[in-house]
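K.L.:
Below is one structure. I have some questions about it.
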Amino acid sequence: MISLRVLAAAICAATPVGQAFAERGLPLANHRAVYDLSLLKSSGAKAPAQARGRIAFDFSGSACEGYVQNFRQITELQPSEGAAKLSDMRSATFEGGDGAEFRFKVETKIDNSRTDEVDGKAKKSADARLAIDLAKPKRTRLELSGPMLFPTEHLRKIVETAAAGEQLLEARVFDGTGDGEKAFDTLTVIGKPTTEPPQEKVARVNALNNIRRWPVAISYFELGKKDGQPIYVLSFDLYENGVSRALKLDYGDF
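In C-alpha cells, the structure reads:
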C-alpha cells in the first residue's frame, strides 16, 4: 500500500461563481490551491521508501459559462533500491455547466522520457450513453454506457448528497485520465459536517469561515468491479463551496 498525505501549502478561495446550485446550497467558488505531498505509509514488494511532491489546482467558471480546471501533480518516488522516479502530470479540462459535455487534455512525463498525451472530448447522449472522441494518443471514437458524471458534476452531487444528510453516493464517473477511454465506478462515503476552524493555518481564510465541510472518501473501481478492491481511494475534507483540504491518496498495494 502507498498512502500519500497531501498538506495544503496555500489555498486562495475567491468569490462564488454563478448559481450552480444556489437554491440548494452555496455555489461553487473560484479558487486556487497548492498542496505538498508526503509519504504517509507504504507496504508491498515494490513500495517506495520515500515519496514527495506537489499538487497545483485551479478552478473557475460558472453554471452558465461552464467550468475550467487546471491541475498539475509532480511526484518523486524513491524505491528501496535504485534511482528515484519523477512523474509530472498536467491536465486542462472544460466541463459544460449543464454537465453534458467535457473536453480534456492530459500530459504525463516520467523522468526524462517522452511525454504521453491524451486529448479528446466527451458528450452525453439522450439515452445516457457517453460518446468519446479522442484526437490523441490516436484518433478513436467509442461509447460507454451510462448514466455518467463528469468531475465537477460529480463534486456537486457529493455536496448535494452531504447537504441532504445522506452518507453514501454511487456514481459512474469519466474524467479523461489514463488513456482517455475508461470510466470508473465510484463509491463516496460522507462523514458528519463541521464548521470548526481547520488545524492548518493556511486553510484559515476568510472565504472559508463558518462554511460547512464534510470528511469524504471516494473509492474508484474498474467498471463492474465494485465488489473488489478499489484502484485508489481519495479522502479529503470537502467544503460546501467545493474547496477541499486534508487530502490523502491511497493507491493500494505496490
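This note's numbering numbers the first residue of the sequence shown as 35 and each following residue consecutively. The beta carbon of each residue, even a glycine, is placed where N, CA and C say it ideally should be.
1. Just reading off the alpha helix (DSSP H) that glutamate 194 is part of, what are its end residues?
2. Ends of the beta strand (DSSP E) at phenylalanine 208?
3. By Cβ distance below 6 angstroms, which residues in the same chain neighbour glutamate 177 in space, the five residues on each side in sequence not counted?
4. In three-state DSSP terms, what is asparagine 243?
5. Start and end of the beta strand (DSSP E) containing valine 277?
6. Would you please state the rounded distance, in angstroms, between the beta carbons of valine 250 and isoleucine 224? I believe it to be under 8 angstroms.
7. Helix, strand or coil for alanine 56, going by three-state DSSP, please let me know.
8. Report the rounded CA-to-CA distance for phenylalanine 270 versus serine 121, giving the unit in angstroms.
9. Would you list the one or two residues that DSSP bridges to aspartate 167?
10. Quick one: what's got a C-beta closer than 6 angstroms to arginine 106's C-beta in the same chain, skipping five residues either side?
11. Taking 8 angstroms as the cut-off, is the CB of alanine 63 close to at least one heavy atom of the ligand ATP?
12. Give me whichever residues DSSP pairs with tyrosine 254 in a beta bridge.
13. So valine 193 packs on glutamate 274, CB below 8 angstroms; how close in whole Å?
14. Could you tell me if threonine 228 is buried or exposed, where buried requires 16 or more neighbouring beta carbons within 10 angstroms of its beta carbon?
15. Using DSSP with H/G/I as helix, E/B as strand and the rest coil, what is lysine 143?
16. Might you give, ordered along the chain, the residues of its own chain that have their beta carbon closer than 7 angstroms to the beta carbon of proline 232, omitting 5 neighbours on each side?
17. Check the DSSP bridge columns for asparagine 104 and list the partner residues they point to.
18. Within the same chain, show all residues whose beta-carbon is closer than 7 angstroms to that of glutamine 84, passing over the 5 residues directly before and after it, in chain order.
19. Starting from the Cα of lysine 170, find the closest Cα among Val140, His188, Ala126 and give me that residue.
20. Evaluate serine 147 with the Cβ neighbour count: other Cβ atoms within 10 Å of its Cβ, from every protein chain shown; 16 or more gives buried, anything less gives exposed.
21. Determine the direct distance from the alpha carbon of lysine 155 to that of aspartate 167, and round the result to whole angstroms.
22. Check each candidate in Gly180, Lys143, Ala63 and name the one with the smallest Cα separation from valine 102.
23. On a Cα-Cα basis, can you pick out the residue from Glu151, Leu272, Lys282, Thr127 that is closest to serine 226?
24. Could you check what DSSP says for lysine 259 in three-state terms: helix, strand or coil?
P.N.:
On the basis of the supplied data:
1. Working through the sequence shown from its first residue, we reach residue 194 at position 160. Start and end: 185-197.
2. Counted from its first residue, the sequence shown places residue 208 at position 174. First-last for phenylalanine 208: undefined, no H or E at that position.
3. Counted from its first residue, the sequence shown places residue 177 at position 143. Excluding residues within five positions, the ones whose Cβ falls inside 6 angstroms are Arg163, Ala165.
4. For the purposes of this step, residue 243 is taken as the residue at position 209 of the sequence shown. Correct three-state label for asparagine 243: coil.
5. Indexing the sequence shown from 1 puts residue 277 at position 243. Note, valine 277: premise wrong, no beta strand (DSSP E); not H, not E.
6. In the sequence shown, counting from the first residue as 1, residue 250 sits at position 216. In the sequence shown, counting from the first residue as 1, residue 224 sits at position 190. Yes, valine 250 and isoleucine 224 are in contact; Cβ-Cβ is about 5 angstroms, under 8 angstroms.
7. On the sequence shown, residue 56 is found 22 positions in, with the first residue counted as 1. Note that alanine 56 scores 38 on pLDDT, short of 50, meaning its location in the model is unreliable; the coordinates nonetheless yield the value given after this. Here alanine 56 sits in coil by DSSP.
8. In the sequence shown, residue 270 corresponds to position 236, counting from 1. In the sequence shown, residue 121 corresponds to position 87, counting from 1. About 23 angstroms.
9. Taking the first residue of the sequence shown as position 1, residue 167 is located at position 133. For aspartate 167, which the question treats as bridged, DSSP gives the partners Lys155, Arg175.
10. In the sequence shown, residue 106 corresponds to position 72, counting from 1. If we look at arginine 106 and ignore the five residues flanking it on each side, its Cβ neighbours are Ala90, Arg124.
11. Ligands in the displayed structure: none, and consequently the ligand ATP is not present.
12. The residue given as residue 254 occupies position 220 in the sequence shown. Thr220, Tyr266, per the DSSP bridge assignment.
13. In the sequence shown, the residue the question calls residue 193 occupies position 159. In the sequence shown, the residue the question calls residue 274 occupies position 240. Right, their Cβ atoms sit about 6 angstroms apart.
14. Start at 1 with the first residue of the sequence shown, and residue 228 comes out as number 194. By the Cβ-count criterion, threonine 228 is exposed, with fewer than 16 other Cβ atoms from all chains shown falling within 10 Å of its own Cβ.
15. Here residue 143 is taken as the residue at index 109 of the sequence shown, counted from 1. Lysine 143 sits in a strand when the DSSP states are folded into three classes.
16. Your numbering for residue 232 matches position 198 in the sequence shown. Result list for proline 232: Arg238, Arg279, in chain order.
17. Translated into positions along the sequence shown, residue 104 becomes position 70. DSSP, once it has assigned bridges, lists Asp92, Ala126 as partnering asparagine 104.
18. Reading the sequence shown from its first residue, position 50 is the one you call residue 84. The residues are Leu73, Gln112.
19. Your numbering for residue 170 matches position 136 in the sequence shown. Looking at the Cα atoms, Val140 is the closest of the given residues.
20. Residue numbering aside, residue 147 sits at position 113 when the sequence shown is read from its first letter. Exposed, because fewer than 16 other Cβ atoms sit within 10 Å of the Cβ of serine 147.
21. Working through the sequence shown from its first residue, we reach residue 167 at position 133. Working through the sequence shown from its first residue, we reach residue 155 at position 121. So the alpha carbons of these two residues sit roughly 5 angstroms apart.
22. Mapped onto the sequence shown, residue 102 falls at position 68. Distance from the Cα of valine 102 is smallest, within the candidate group Gly180, Lys143, Ala63, for Ala63.
23. Taking the first residue of the sequence shown as 1, we reach residue 226 at position 192. The sequence shown places lysine at residue 226, not serine. Nearest option by C-alpha distance: Leu272.
24. The residue labelled residue 259 in the question sits at position 225 within the sequence shown. Coil, per DSSP.
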